[in-house]
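Engineer:
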Amino acid sequence: MEPEEIAFIERINAVFLSEELDFEEAVREYRRIEEEFVERAGDNEHHVVETRRRITEWLLSEALRDEQPHEVCREIWHELLERGFSGIENRHWMSGIYARCCQMNGEFEAGLAVIEPLIAEAEQGLADPTLPPNPRAFYEQELTRDCKIRDELKAGIRG
0 MEPEEIAFIE
10 RINAVFLSEE
20 LDFEEAVREY
30 RRIEEEFVER
40 AGDNEHHVVE
50 TRRRITEWLL
60 SEALRDEQPH
70 EVCREIWHEL
80 LERGFSGIEN
90 RHWMSGIYAR
100 CCQMNGEFEA
110 GLAVIEPLIA
120 EAEQGLADPT
130 LPPNPRAFYE
140 QELTRDCKIR
150 DELKAGIRG
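At position 157 of the sequence shown (counting the first as 1) the number is 156 in numbering that gives the first Met the number 0, and the numbers step up by one without a gap.
1) Counting Cβ pairs, one atom from each stretch, are 3 or more of them under 8 Å apart for the stretch 57 to 75 and the stretch 92 to 106?
2) Expressed to the nearest angstrom, what Euclidean distance is found between the alpha-carbon atoms of Asp-150 and Ile-5?
3) Excluding the 5 residues preceding and the 5 following Leu-152 in the sequence, name in chain order all residues of the same chain whose CB lies nearer than 6 Å to its CB.
4) Compare the beta carbon distance of Arg-64 and Gly-105 with 8 Å and say whether it is the shorter of the two.
5) Could you check which residue in Ala-119, Glu-38, Ile-11 and Arg-39 has the C-alpha nearest to that of Thr-55?
6) State the DSSP-derived secondary structure class of Met-103, mapped to helix, strand or coil.
7) Can you grab the Cα-Cα spacing for the pair Gln-140 / Trp-92, in whole Å?
8) Taking a contact to mean a Cβ-Cβ separation below 8 Å, would you say Ile-114 touches Leu-142 in this structure?
9) Do Glu-160 and Phe-7 have their C-beta atoms closer together than 8 Å?
10) Using only the alpha-carbon positions, how far apart do Lys-147 and Ala-154 sit?
11) Looking at the unbroken alpha helix (DSSP H) that takes in Ser-60, where does it start and where does it end?
12) The ligand COA and Tyr-29: does any heavy atom of the ligand fall closer than 7 Å to the residue's C-beta?
13) Does DSSP put Leu-111 in a helix, a strand or coil?
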């Protein structure tokens, strides 16, 4: 692992594991880290984009953990959608986190709007007999998790 990556992870973990910071303070710290590591990335556009994405992912995780209002979660979610996902795994994982934010705030339809397309994608992938073992295992795992979230959203269960 590169020294820059180690430094980034250490800084992020320090914020996430800090019990003294409230949500607003944590957001400020994440944004400082983002600014610093974007600057360090210089002209490396890939590192700039990934740094921004990863910070936004951490913000969404923090919003769920700190039980933030739906407006806060939605704003972070939209930022994440603008920044994009680094891969299918992150898209599924972060979509699940946002769906849980929606569930926590009683925004069941918003959560369903995010989770149902993932279920359809997983079912379509699993229907392909040529799907290799690793993607198959991924879709099976995600389908189980996403169906659980969907069922809770449909039942109106706040998380």
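From the three backbone atoms N, C-alpha and C, an ideal C-beta is built for every residue, glycine too.
Structural biologist: So, from the data block:
1) yes
2) 39 Å
3) Gln-102, Phe-107, Gly-110 and Leu-111
4) no
5) Ile-11
6) helix
7) 11 Å
8) no
9) Here the chain comprises residues numbered 0 to 158, so residue 160 is not present and cannot be evaluated.
10) 11 Å
11) 44 to 64
12) This structure simply doesn't include the ligand COA, nor any ligand for that matter.
13) helix
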